[in-house]
């Protein structure tokens, strides 16, 4: 049975069509693995898995990651790091291939009601725990979080006086009063996939749920790490959003509600 592997065109170009095809039919690929991004176990027989090829000056190492963590890609790394990873496979060193990938920032989500156009609107505020690098880069270009979201269709939001535009193909999944995921369009127009997914479903307030069911729309705001913070009250959350907007650090989109 073919494993649920994703092999990007860049990875295929490096390893060759024959090796890529062997991976896709289940040869030369582990059933279980340690995700090179989040370091937790994965199973390519049960969940979408990305192939990640680390390349040094003379050495290459193929690793695996949850597709929900990072896409399949080629990552350039220092040769000495890669040699250490290869030696660790023989048991001579404690370093392993998973340690080559920079620690992934986690997307934190806060729910709250935001007053816009004289109505309380259900909103989600997304803020990473650290800077977000563009996939496949070394992160030296700085935090790319807002730029990446704008490329996905989120719009720069200079103030909170108007509702943000609807982002086609995206939605917010709510089930039994709990927040499960923010969904984005699948590749090539396929089924939606999770852009953010709760490790455990998050409870929302009755007021938030009622407002979401009424409007069938959720506003999603996003800001770089450190822009919003954990605010204990909705008025403080609104103040932090306003400040981020004035400083040019806020993007937003409206998304239809999926579920109840």
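In the working numbering, the protein residues as written are 12 to 271. Where is the CB? At the ideal position from N, CA and C, for every residue including glycine. Because the structure is a prediction, the values reported are computed rather than measured.
Proximity winner among the options, relative to residue i (alpha-carbon distances)
i	options	result
residue 168	261, 74 and 18	261
residue 179	81, 195, 173 and 172	195
residue 159	73, 235 and 53	235
residue 36	88, 17, 259 and 256	17
residue 202	153, 182, 190 and 210	182
residue 79	209, 205 and 243	205
residue 32	19, 198 and 68	19
residue 81	88, 190 and 63	63
residue 263	135, 68, 190 and 28	135
residue 210	153, 117 and 165	117
residue 83	61, 127, 164 and 198	61
residue 207	15, 52, 257 and 121	121
residue 256	197, 166, 270 and 15	166
residue 253	198, 270, 45 and 127	127
Heavy atom of the ligand ATP within 7 Å of residue i beta-carbon
i	result
residue 54	Ligands in the displayed structure: none, and consequently the ligand ATP is not present.
Rounded C-alpha distance that separates residue i from residue j
i	j	result
residue 86	residue 26	13 Å
residue 47	residue 75	6 Å
residue 142	residue 155	7 Å
residue 187	residue 24	45 Å
residue 251	residue 177	23 Å
residue 173	residue 213	27 Å
residue 144	residue 157	11 Å
residue 72	residue 21	14 Å
residue 123	residue 170	17 Å
residue 54	residue 241	34 Å
residue 65	residue 225	48 Å
residue 268	residue 222	11 Å
residue 228	residue 265	7 Å
residue 245	residue 125	8 Å
residue 139	residue 239	10 Å
residue 184	residue 192	5 Å
residue 42	residue 56	6 Å
residue 175	residue 190	21 Å
residue 243	residue 161	28 Å
residue 232	residue 137	6 Å
residue 68	residue 30	21 Å
Residue i: first and last residue of the uninterrupted alpha helix (DSSP H) it sits in
i	result
residue 219	217-226
residue 161	156-163
residue 144	Segment: none, residue 144 is in no alpha helix (DSSP H) and carries neither H nor E.
residue 28	28-35
residue 192	That residue, residue 192, is in no alpha helix (DSSP H); its beta strand (DSSP E) goes 189-195.
residue 255	245-257
In DSSP terms, what residue i is bridged to
i	result
residue 84	63
residue 232	136 and 263
residue 118	139
residue 72	65
residue 207	193
residue 214	189
residue 123	134
residue 269	184
residue 166	263
residue 129	In DSSP, residue 129 forms no bridge with anything.
Unbroken beta strand (DSSP E) run spanning residue i, endpoints
i	result
residue 239	Per DSSP, residue 239 belongs to no beta strand (DSSP E) and is neither H nor E.
residue 176	Careful: residue 176 lies outside any beta strand (DSSP E) and carries neither H nor E.
residue 183	182-186
residue 52	52-54
residue 43	43-45
(message) Within 8 Å, do at least three Cβ pairs link the segment 217-234 to the segment 113-132?
(response) yes
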